[in-house]
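**Student:** Residue numbers (our numbering): 6 to 808.
Questions regarding the structure given below will be posed in turn.
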Amino acid sequence: MGLNPLPQAHKDVEMMKRVLKQPQFRFELVQCVCDRPLQEMQETLELFFKQRVSDDQMVFLFCGYTLQDTDGRLYFATPNTTLDEQGAIVKAQLIPVSVIQEAMDSSPAKQQVCILDSYQPVSNQPVSNQLAVATAAHMSELLAGKGRVILTAANVNQPTLTATIDAWSYTSYLAEGIESGAADTADDGMLTAAALHHYAAQKLQAAAPALKTQIGGSAETAQMPLLEVLRDNPRVHYRKVLEATAIATDAADAPVLEGRSLLNDLRHSLGLSPQEAAALEAQVLRPTQEYRQRLAAYEEHVTESARSHDVADTQLRQSWKQLQQALYLTDQDVAIITIAPSVTLKQRQQTQYQGKLAQYQQVLLGAMQRQSPPREGDRMMLQRLQRTLQLGDDDVKTLEAQIAAQTEQFTTANISTASDLPQANAASETSPARSLESNTLSPQPSPPSAAPAAPPDDSRAKEAVLQRLFNVNEPDTSALERTPTPNPLPSPVSVQEPLSLLPIAQPNLMDRIRRSASNYQALIIPAILLAAILGLLAAILPSANRPNWFKFGQSSADPTAAQRLNSEGLKKAREGYPKEAIDDYNQAIEKNPDDVAAYINRGVAYHRTGDTGAAIRDYEQALKVDPKSALSHSNLSYAHYDRQNYDQALDEGNQAVALNGNLAEAHINLANARSKKGDYEGALRDYTQALKLTRAAALQAGVYNNRGNVRLALNNARAAINDYNRAIRLQPNYADAHYNLGLAQQALNNRPEAIRNLQKAATLYQSQSKEALQKEATDRASALQQGNLQSSSESPFVAALWR
6 MGLNPLPQAH KDVEMMKRVL KQPQFRFELV QCVCDRPLQE MQETLELFFK
56 QRVSDDQMVF LFCGYTLQDT DGRLYFATPN TTLDEQGAIV KAQLIPVSVI
106 QEAMDSSPAK QQVCILDSYQ PVSNQPVSNQ LAVATAAHMS ELLAGKGRVI
156 LTAANVNQPT LTATIDAWSY TSYLAEGIES GAADTADDGM LTAAALHHYA
206 AQKLQAAAPA LKTQIGGSAE TAQMPLLEVL RDNPRVHYRK VLEATAIATD
256 AADAPVLEGR SLLNDLRHSL GLSPQEAAAL EAQVLRPTQE YRQRLAAYEE
306 HVTESARSHD VADTQLRQSW KQLQQALYLT DQDVAIITIA PSVTLKQRQQ
356 TQYQGKLAQY QQVLLGAMQR QSPPREGDRM MLQRLQRTLQ LGDDDVKTLE
406 AQIAAQTEQF TTANISTASD LPQANAASET SPARSLESNT LSPQPSPPSA
456 APAAPPDDSR AKEAVLQRLF NVNEPDTSAL ERTPTPNPLP SPVSVQEPLS
506 LLPIAQPNLM DRIRRSASNY QALIIPAILL AAILGLLAAI LPSANRPNWF
556 KFGQSSADPT AAQRLNSEGL KKAREGYPKE AIDDYNQAIE KNPDDVAAYI
606 NRGVAYHRTG DTGAAIRDYE QALKVDPKSA LSHSNLSYAH YDRQNYDQAL
656 DEGNQAVALN GNLAEAHINL ANARSKKGDY EGALRDYTQA LKLTRAAALQ
706 AGVYNNRGNV RLALNNARAA INDYNRAIRL QPNYADAHYN LGLAQQALNN
756 RPEAIRNLQK AATLYQSQSK EALQKEATDR ASALQQGNLQ SSSESPFVAA
806 LWR
């Protein structure tokens with residue numbers, strides 16, 4: 006019984022061997038001992054280390070399983086390694102890590118690079134990325150030595166789960182970084198171990214976000230030149246331009262590089278063929294494509310398993326978690342996919358429950374037609390039906406109380422009407438007829454001995470009322486068609502929001518960012534600004550989908566008046582009177598307590614006055630009435646964001662997108678929350694998706710500005726500049742975008758353009774009466790003119806402004 010084969014490891018070793026044997030890299034000796042017998046393998050390794058001289062630069066690469074025995078000792082597996090019948094490793098077929106350590110310690114070579122692309126074997130045990138990381142870290146500690154740098158990647162082998170994914174490993178990206186020259190980020194023609202690791206780790210972060218890599222050992226050796234790479238080469242130049250190019254999606258949702266026309270012009274000028282350029286572009290897009298393959302594999306498994314299993318089952322959830330770890334996906338990556346089955350189940354359960362309640366209602370009305378209140382036999386039958394349908398006591402009591410109240414109301418109305426009519430005297434047929442023109446009646450006193458009049462018989466009235474209720478509650482299939490179309494509503498206006506600081510990649514700058522926070526004002530894209538329009542439409546359309554039993558006992562409900570009050574409130578809010586708008590929304594709720602729009606709009610108004618607590622309560626109340634309201638979840642996300650509850654903001658944003666993936670504002674709020682949690686890649690995806698879903702110029706400009714901020718946080722200043730320029734083309738007077746563009750240009754040491762944009766931002770801030778921001782922009786521009794601000798070697802990103 007052996008370990009699962011690792012075909013990827015063999016491919017990696019062959020790829021690295023082919024690259025290092027290329028003459029331009031000047032490696033005198035490249036040896037591979039993959040398929041040799043154990044003894045020969047050990048002897049070859051010992052001689053390899055021993056025969057080096059002090060000036061040699063030595064690279065040792067291991068791709069394969071690392072095993073640990075019960076005593077904590079570590080071993081390198083060989084092609085012949087097997088397990089015994091009890092599942093324990095056969096140590097005679099292993100190479101102890103300590104043997105390699107001793108051989109490297111005794112080697113004369115002063116510069117040693119050790120690359121460990123190690124796999125943790127998994128048989129019937131749950132996947133454990135943490136175990137793989139711990140094993141790799143332990144091995145890195147054991148192999149540490151003077152003049153030695155150690156590059157490690159921790160993998161878990163799950164061949165049955167990942168066979169369909171065209172995945173590249175840490176070693177694959179190391180070899181690509183060498184061969185293409187793309188790892189030479191300093192552009193000096195020299196590659197260091199640190200630069201190689203950074204390149205491979207960055208690629209893996211995009212392709213498999215949860216796969217952990219690390220670099221340890223000698224910091225001095227990590228920064229020493231390891232090998233030379235090509236510089237003045239058209240392919241290398243084109244590849245480096247591609248690395249700085251933003252990745253978008255086409256109409257088919259496939260990853261593509263932005264700026265196609267510019268890339269075509271560059272390809273022509275460099276003399277590259279379309280095939281050569283396409284091959285280089287495919288290399289750059291590979292991590293993104295691989296990431297999507299991993300997500301697709303996870304989504305397919307979750308969707309299929311949810312169809313045949315209880316989504317609340319603990320074992321099913323554990324299997325999803327294991328798959329997530331095997332695919333190296335983070336919780337943020339799979340959040341929407343994971344909650345989707347639960348959301349669907351919840352919606353289905355609510356529909357089924359309401360159907361059962363409607364069924365109970367029909368039987369209850371039939372029993373009350375026979376006798377009200379129901380007789381003992383009918384009551385027992387109703388109790389059995391309640392248990393069979395699994396209906397809650399409170400829901401049943403509420404339903405019965407509503408029917409009884411409305412029955413009593415109609416009965417009282419009929420009795421009152423009957424008692425007000427003139428009564429004919431059957432005993433006095435000779436009484437003179439009243440004149441038809443007479444406007445008054447002369448009351449005639451009753452005889453003293455007359456018996457009190459018997460109360461009117463209301464049995465027929467009750468029966469008529471119950472029959473009417475029975476008919477009212479028949480399924481109404483034409484409700485949507487009969488729903489009146491609302492009048493067009495005015496558009497809302499933007500409001501100033503508190504600053505949302507951009508998280509900075511460099512930890513040592515965070516204190517500076519916090520100190521400068523009070524000096525900024527900014528606009529964050531608020532989905533709540535659109536809530537008033539969308540919410541009012543939702544107040545009419547979904548009402549036809551709710552079961553009619555909601556309306557029992559609400560005889561004072563007046564949806565038409567509620568709609569009118571909503572419109573009036575919206576108008577006042579647009580004119581800048583949120584408190585007066587709240588009064589209108591309060592009246593709208595009194596007229597129709599189930600009006601989702603009124604709760605959402607009142608929440609928006611409260612939010613604008615700064616009372617986010619009241620806003621959250623209204624959005625939550627809207628969800629009680631309509632649990633499927635993606636807009637309510639989206640607004641909740643923004644409200645929690647405003648209160649710096651970023652975990653809740655992230656959760657509500659995920660739910661909003663899961664319920665309505667076409668709601669641009671939900672993607673924007675989710676992206677804002679992701680950025681605060683440090684999930685910049687996820688934020689980029691959601692900002693990009695929002696851009697596909699909206700054509701409003703002002704909203705698009707804000708999204709481009711925010712996406713630029715995230716790219717700036719990822720140290721991709723060129724892509725950030727592209728986004729800021731797009732924002733400015735859409736909104737030429739967008740002061741924040743000009744300011745952020747200045748920061749990005751400063752990062753690239755383009756001082757003239759940085760100064761020009763900062764001065765433009767200052768002028769715009771002045772016209773907007775934003776004195777603090779005007780001063781900040783002016784001071785930064787002046788400092789740049791005088792050469793007092795740091796260059797790109799010391800990041801200037803004090804704070805990027807958000808719209």
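Even glycine gets a Cβ: it sits at the ideal position worked out from N, Cα and C.
Among the residues of its own chain, which have a CB less than 6 Å from the CB of Y729, if the five just before and after it don't count?
**Tutor:** Within the sequence shown, numbered from 1, the residue matching residue 729 stands at position 724. Correct list, in chain order: G713, A742, N745 and L746.
**Student:** Kindly confirm or deny that the stretch 619 to 630 and the stretch 595 to 607 touch, where touching means at least three C-beta pairs closer than 8 Å.
**Tutor:** yes
**Student:** Going along the chain, which residues of its own chain have a beta-carbon closer than 6 Å to the beta-carbon of R236, five neighbours each way excluded?
**Tutor:** In the sequence shown, the residue the question calls residue 236 occupies position 231. Hits under 6 Å: G194.
**Student:** Skipping 5 residues on each side, what residues in its chain have a beta carbon closer than 6 Å to that of S347?
**Tutor:** Taking the sequence shown and counting its residues from 1, one reaches residue 347 at position 342. Around S347: V316.
**Student:** Does the stretch 101 to 108 come within contact of the stretch 46 to 60, defined as at least 3 CB pairs closer than 8 Å?
**Tutor:** In short, these stretches touch, since the Cβ pair count reaches three.
**Student:** The alpha helix (DSSP H) with F67 in it runs from where to where?
**Tutor:** Residue numbering aside, residue 67 sits at position 62 when the sequence shown is read from its first letter. Run containing F67: none in the alpha helix (DSSP H); it sits in the beta strand (DSSP E), Q62 to Q73.
**Student:** Take L232 and list the residues in its own chain whose beta-carbon comes closer than 6 Å to its own, dropping the five residues that flank it on each side.
**Tutor:** What you label residue 232 is simply residue 227 of the sequence shown in a count that begins at 1. Only F30 and L196 meet the Cβ criterion.
**Student:** Just to confirm, is the Cβ distance from Y358 to Q391 under 8 Å?
**Tutor:** Position 353 of the sequence shown, counted from the start, is the residue given in the question as residue 358. Position 386 of the sequence shown, counted from the start, is the residue given in the question as residue 391. No Cβ-Cβ contact shorter than 8 Å links Y358 with Q391.
**Student:** Would A249 and A724 be called neighbours here (beta carbons separated by less than 8 Å)?
**Tutor:** In the sequence shown, the residue the question calls residue 249 occupies position 244. In the sequence shown, the residue the question calls residue 724 occupies position 719. Yes. Within cutoff.
**Student:** So is A406 buried or exposed if we call it buried at 16+ other beta carbons inside 10 Å?
**Tutor:** Translated into the one-based positions of the sequence shown, residue 406 becomes position 401. Classification for A406: exposed.
**Student:** Please report how far the alpha carbon of L11 lies from the alpha carbon of G69, in whole angstroms.
**Tutor:** The residue you call residue 11 lines up with position 6 of the sequence shown. The residue you call residue 69 lines up with position 64 of the sequence shown. Distance between the alpha carbons of L11 and G69: 7 Å.
**Student:** What separation, rounded to the nearest whole angstrom, lies between the Cα atoms of R731 and A706?
**Tutor:** If you number the sequence shown from 1, residue 731 lands on position 726. If you number the sequence shown from 1, residue 706 lands on position 701. Roughly 7 Å between the two C-alpha positions.
**Student:** Distance, Cα to Cα, Y739 vs A702?
**Tutor:** As a working note, residue 739 is residue 734 in the sequence shown. As a working note, residue 702 is residue 697 in the sequence shown. Going by the C-alpha atoms only, they are around 12 Å apart.
**Student:** Can you grab the Cα-Cα spacing for the pair A158 / G221, in whole Å?
**Tutor:** As a first step, residue 158 must be located in the sequence shown, where it is residue number 153. As a first step, residue 221 must be located in the sequence shown, where it is residue number 216. For A158 and G221, the distance between alpha carbons rounds to 12 Å.
**Student:** Does the stretch 362 to 377 come close enough to the stretch 333 to 341 to have 3 or more Cβ pairs within less than 8 Å?
**Tutor:** no
**Student:** In the DSSP assignment, find the beta strand (DSSP E) that holds F32 and state where it starts and stops.
**Tutor:** Here residue 32 refers to the residue found at position 27 when the sequence shown is read from its first residue. From DSSP, F32 is part of no beta strand (DSSP E); its letter is neither H nor E.
**Student:** Determine, using beta carbons only, whether D76 and A114 come nearer to each other than 8 Å.
**Tutor:** Translated into positions along the sequence shown, residue 76 becomes position 71. Translated into positions along the sequence shown, residue 114 becomes position 109. Their beta carbons are not under 8 Å apart, which means D76 does not touch A114 by this criterion.
**Student:** Thinking just about the alpha-carbon of each residue, which of L675, L8, G382 and Q773 is nearest to the one in Q694?
**Tutor:** Position 689 of the sequence shown, counted from the start, is the residue given in the question as residue 694. It is L675 whose Cα lies nearest to the Cα of Q694.
**Student:** Is it the case that the Cβ atoms of K577 and A586 are separated by a distance below 8 Å?
**Tutor:** Taking the sequence shown and counting its residues from 1, one reaches residue 577 at position 572. Taking the sequence shown and counting its residues from 1, one reaches residue 586 at position 581. In this structure, K577 lies near A586, with their beta-carbon atoms less than 8 Å apart.
**Student:** Is E305 buried or exposed, if buried means 16 or more other CB atoms sit within 10 Å of its CB?
**Tutor:** Translated into positions along the sequence shown, residue 305 becomes position 300. Under this definition E305 is an exposed residue.
**Student:** Using 8 Å for Cβ pairs, my map puts P239 next to L268. What's the rounded Cβ distance?
**Tutor:** The residue labelled residue 239 in the question sits at position 234 within the sequence shown. The residue labelled residue 268 in the question sits at position 263 within the sequence shown. Actually they are not in contact, since the Cβ atoms of P239 and L268 sit about 13 Å apart, beyond 8 Å.
**Student:** Output the boundary residues of the beta strand (DSSP E) element that contains I170.
**Tutor:** In the sequence shown, residue 170 corresponds to position 165, counting from 1. Run containing I170: none; DSSP gives neither H nor E here.
**Student:** Under DSSP, the beta strand (DSSP E) around D122 begins and ends at which residues?
**Tutor:** Numbered from its first residue, the sequence shown carries residue 122 at position 117. From DSSP, the beta strand (DSSP E) with D122 extends over Q116 to Q125.
**Student:** Beta-carbon separation of A782 and A759 under 8 Å?
**Tutor:** Here residue 782 corresponds to residue number 777 of the sequence shown, with the count starting at 1. Here residue 759 corresponds to residue number 754 of the sequence shown, with the count starting at 1. No. Outside cutoff.
**Student:** Just verifying my parser: in three-state terms, what is the DSSP assignment at Q219?
**Tutor:** As a position in the sequence shown, residue 219 is number 214, starting the count at 1. Q219: strand per DSSP, three-state reduction.
**Student:** Which term fits A259, buried or exposed, when burial requires 16 or more other beta carbons within 10 angstroms of its beta carbon?
**Tutor:** As a position in the sequence shown, residue 259 is number 254, starting the count at 1. Looking at its Cβ environment, which holds fewer than 16 other Cβ atoms inside 10 Å, A259 is exposed.
**Student:** Of the residues E686, S772 and Q736, which one's Cα is nearest the Cα of L209?
**Tutor:** For the purposes of this step, residue 209 is taken as residue 204 along the sequence shown, with counting starting at 1. The residue with the shortest Cα to Cα distance from L209 is E686.
**Student:** What did DSSP end up calling T83 once you bin it into helix, strand or coil?
**Tutor:** Counting from one through the sequence shown, the residue named residue 83 turns up at place 78. Residue state, collapsed to three classes: coil.
**Student:** Quick one: grab the DSSP three-state call for L719.
**Tutor:** As a first step, residue 719 is located in the sequence shown; it is residue number 714 there, counting from the start. Coil, per DSSP.
**Student:** Where DSSP assigns a beta bridge to N160, which residues make up the other side?
**Tutor:** Locating residue 160 in the sequence shown gives position 155, counting from the first residue. DSSP lists Y124 as partners of N160.
**Student:** What is the DSSP secondary structure of M229, reduced to helix, strand or coil?
**Tutor:** Sequence index remark: in the sequence shown, residue 229 carries index 224 (1-based). Residue state, collapsed to three classes: coil.
**Student:** Thinking C-beta only, is Q791 closer than 8 Å to Q779?
**Tutor:** Start at 1 with the first residue of the sequence shown, and residue 779 comes out as number 774. Start at 1 with the first residue of the sequence shown, and residue 791 comes out as number 786. Not in contact: Q779 and Q791 (Cβ atoms no closer than 8 Å).
**Student:** Reducing DSSP to helix, strand and coil, say where A249 ends up.
**Tutor:** Sequence index remark: in the sequence shown, residue 249 carries index 244 (1-based). In the structure shown, A249 sits in coil (DSSP, three-state: anything other than H, G, I, E or B).
**Student:** On a CA-only basis, which of A172, A215 and R244 is nearest G186? Give me that one, please.
**Tutor:** To locate residue 186, count along the sequence shown from 1; it is residue 181. The candidate whose alpha carbon is nearest that of G186 is R244.
**Student:** Going by C-alpha distance, which of Q660, G666 and Q751 is nearest L698?
**Tutor:** The residue labelled residue 698 in the question sits at position 693 within the sequence shown. Nearest to L698 by C-alpha distance, out of Q660, G666 and Q751, is G666.
**Student:** Within 10 Å of its beta-carbon, does A777 have 16 or more other beta-carbons around it, so buried, or fewer, so exposed?
**Tutor:** Residue mapping note: residue 777 aligns to position 772 of the sequence shown, counting from 1. The residue is exposed, with fewer than 16 neighbouring Cβ atoms inside 10 Å.
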